[in-house]
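Colleague: Residue numbering for the sequence shown follows my numbering, beginning at 35 and increasing consecutively. Cβ atoms here follow ideal geometry from the backbone N, Cα and C, with glycine treated the same way.
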Amino acid sequence: MRHTIRPDNGQLRFLDWEMGAFFHFGIRTFYEGHKDWDGLFMSPDAFDPTELDCGQWIRAVKNAGCRYAVLVCKHHDGFANWPSAFSDYGVKQTPWRNGKGDVVRDFTEACRKEGLAVGLYYSPAQFGSRQTDEGSYNAYFISQITELLSGYGKIDYLWFDACGSGDFQYDADRIVKTIRSLQPEILIFNLWDPDTRWIGNESGLAGLGYRNIIGSFDPVTGAVGPGDGKNKVFLPAECDVCLRGHDWFYSENNEDKMKSVNELLGLYEHSVGRGANLLLNIGPDRRGLLPDADVKCLAEFGQALRARFADGKVSDLRQETIKGSGGRVILSLEWECPCLISGAVLREDLTRGEHIRNFSLRVYPKEGSVGPVEVYMGKGVGHKHIASFPPVVTRRAEVVVERSDGVPVFGPADILKA
Numbered sequence: 035m036r037h038t039i040r041p042d043n044g045q046l047r048f049l050d051w052e053m054g055a056f057f058h059f060g061i062r063t064f065y066e067g068h069k070d071w072d073g074l075f076m077s078p079d080a081f082d083p084t085e086l087d088c089g090q091w092i093r094a095v096k097n098a099g100c101r102y103a104v105l106v107c108k109h110h111d112g113f114a115n116w117p118s119a120f121s122d123y124g125v126k127q128t129p130w131r132n133g134k135g136d137v138v139r140d141f142t143e144a145c146r147k148e149g150l151a152v153g154l155y156y157s158p159a160q161f162g163s164r165q166t167d168e169g170s171y172n173a174y175f176i177s178q179i180t181e182l183l184s185g186y187g188k189i190d191y192l193w194f195d196a197c198g199s200g201d202f203q204y205d206a207d208r209i210v211k212t213i214r215s216l217q218p219e220i221l222i223f224n225l226w227d228p229d230t231r232w233i234g235n236e237s238g239l240a241g242l243g244y245r246n247i248i249g250s251f252d253p254v255t256g257a258v259g260p261g262d263g264k265n266k267v268f269l270p271a272e273c274d275v276c277l278r279g280h281d282w283f284y285s286e287n288n289e290d291k292m293k294s295v296n297e298l299l300g301l302y303e304h305s306v307g308r309g310a311n312l313l314l315n316i317g318p319d320r321r322g323l324l325p326d327a328d329v330k331c332l333a334e335f336g337q338a339l340r341a342r343f344a345d346g347k348v349s350d351l352r353q354e355t356i357k358g359s360g361g362r363v364i365l366s367l368e369w370e371c372p373c374l375i376s377g378a379v380l381r382e383d384l385t386r387g388e389h390i391r392n393f394s395l396r397v398y399p400k401e402g403s404v405g406p407v408e409v410y411m412g413k414g415v416g417h418k419h420i421a422s423f424p425p426v427v428t429r430r431a432e433v434v435v436e437r438s439d440g441v442p443v444f445g446p447a448d449i450l451k452a
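(1) Answer yes or no: do Leu351 and Val427 have a C-beta to C-beta separation smaller than 7 Å?
(2) Tell me the rounded alpha-carbon separation between Ala257 and Asp227.
(3) Using the Cα positions of Asp448 and Leu183, report the straight-line distance between them to the nearest angstrom.
(4) Is Trp226 helix, strand or coil when you go by DSSP?
(5) Cα separation between Asp79 and Gly322?
(6) I'd like the list of long-range same chain contacts for Tyr156, defined as Cβ closer than 6 Å, with 5 residues on each side in sequence excluded.
(7) Under the three-state reduction of DSSP, which class applies to Pro446: helix, strand or coil?
(8) Tell me whether Cys371 sits in a helix, a strand or coil according to DSSP, three-state version.
(9) Restricting to Cα atoms, I'd like to know which of Gly185, Lys188, Ile209 is closest to Phe26.
(10) Which of the three DSSP states is assigned to Val407 in this structure?
(11) Could you check what DSSP says for Trp91 in three-state terms: helix, strand or coil?
(12) Please state whether DSSP places Ser77 in a helix, a strand or coil.
(13) Do you know how far the Cα of His304 is from the Cα of Gly241?
(14) Starting from the C-beta of Glu432, find all residues in its chain whose C-beta is less than 6 Å away, skip the five residues before and the five after it, and write them out in chain order.
(15) Give the straight-line distance between the Cα atoms of Ile179 and Ile213, rounded to the nearest whole angstrom.
(16) Curious, which full-length beta strand (DSSP E) runs of at least 3 residues does the segment 254-298 contain?
(17) Check for me: the beta strand (DSSP E) holding Ser438 runs from which residue to which?
(18) Mind checking who Gly358 pairs with in its DSSP beta bridge?
(19) Cutting at 6 Å between CB atoms, please list the residues of its own chain near Arg36, excluding the five before and the five after it.
(20) Return the CA-CA distance between Phe283 and Asn315, expressed in angstroms with no decimal places.
(21) Run the CB neighbour count on Asp319, radius 10 Å, all protein chains shown included, and call it buried at 16 or more, exposed below.
(22) Count the other CB atoms, across all protein chains shown, that sit within 10 Å of the CB of Thr63; report buried if there are 16 or more and exposed otherwise.
(23) When you compare only the Cα positions, how much space is there between Phe59 and Gly234?
(24) With distances taken between CB atoms, is the gap from Gly414 to Arg231 smaller than 7 Å?
(25) Could you tell me which of Val443, Ile247, Phe335 sits nearest to Arg381, measuring between CA atoms?
(26) Decide yes or no for the touch test of the segment 269-284 against the segment 336-355: beta carbon pairs closer than 8 Å, at least 3 of them.
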């Protein structure tokens, strides 16, 4: 008997978030032109975001449709965005709020006020760590993680960046034990004991063949492999991408690289619409605010998403799952009056497992015409699959599962008006 691989409740929760915001903010915000791993010193004296308002950040991304947010607490430079007792390089050493400020506190409180899930990013590696013995550095790592996971209430998501670690030997067992004991319901991104994984690019794109079930996963490097088919795991992916070009931190020189609303809609369909999550990075500026242009773009993006996927739904849709010829599963979709449609949003009930490998979507033209006509072919469905196609007038469509690992169960579907 084939074993059905199912997600746990935390992974289902993650997939339901669908889209999140990533905030790269710290000492590098105040040093134009500095790059990852350039090793250049950045004095904490420059850190003074006098208008810092995390509430403004969160309201802006919520308006765009984000359901979770992730804050960089410590990037590769080692600067602590909270008053860490284990570092002499952080907000305590800055003029901001006379050294009494706490970006992590402001951020977590803003998320909770607006109802967004709380995520924290921590770079395991940092400048100069190779001059410290592994035992001391692991102790420092665990001490800082303990501060973050014990001082700010419930944390929903912990984001580990694998960049820069090389062959450094982390005390993974102790790290994971500490995390799980402090925050039993937390989700971990990508390393050691992961609940989610990286899609493999920083372009916001999941491929057509994306599946949550993978053959193998290296918890040290985060690498996905084909495996031997015997130890498959359910590990949903996240697609991260920058709002401006490929700059994670704020720059005063890249507003012209802002992604258009049309490009963002495309990225949404290539990530959330392929069954993965989208994590959109925005860099708060030196005031401690999201730039006006970014806020405007996010608002327009959110409006366009709602127009396409909420306001544009066929409201009187009826759906039924039936068995077709040859034992194929067919999802029948009908509505009252013929209308111009340009897409369908399909969902597989992942509590029953992820099964669908290939499917086609067919429409029945207006009464009197021959049908059905195939207008779309896809691979997996997973948490959500957005099937977009040229507009066509119809009042009936069907999804035919052409290939499946088991008997699939569909969740609620939507038909999208053109």
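Modeller: Judging by the given coordinates:
(1) no
(2) Cα to Cα, Ala257 sits roughly 13 Å from Asp227.
(3) 39 Å
(4) The answer is coil: DSSP assigns Trp226 none of H, G, I, E or B.
(5) Approximately 15 Å between the Cα atoms of the pair.
(6) Cys107, Lys108
(7) Reduced to three states, the DSSP call for Pro446 is coil.
(8) In the structure shown, the three-state DSSP call for Cys371 is strand.
(9) Nothing about residue 26 can be read from this structure; the chain reaches only from 35 to 452.
(10) strand
(11) helix
(12) coil
(13) Taking the straight line joining both Cα atoms gives about 7 Å.
(14) Ile364, Ser366, Arg396
(15) Approximately 8 Å, taken between the alpha carbons.
(16) 271-276
(17) 419-438
(18) For Gly358, which the question treats as bridged, DSSP gives no partner whatsoever.
(19) Reliability of the predicted coordinates at Arg36 is poor, the pLDDT of 48 falling under 50, and no value is obtained from them.
(20) 9 Å
(21) buried
(22) Residue environment for Thr63: buried (at least 16 other C-beta atoms within 10 angstroms of its C-beta).
(23) 23 Å
(24) Their beta carbons are not under 7 Å apart, which means Gly414 does not touch Arg231 by this criterion.
(25) Val443
(26) no
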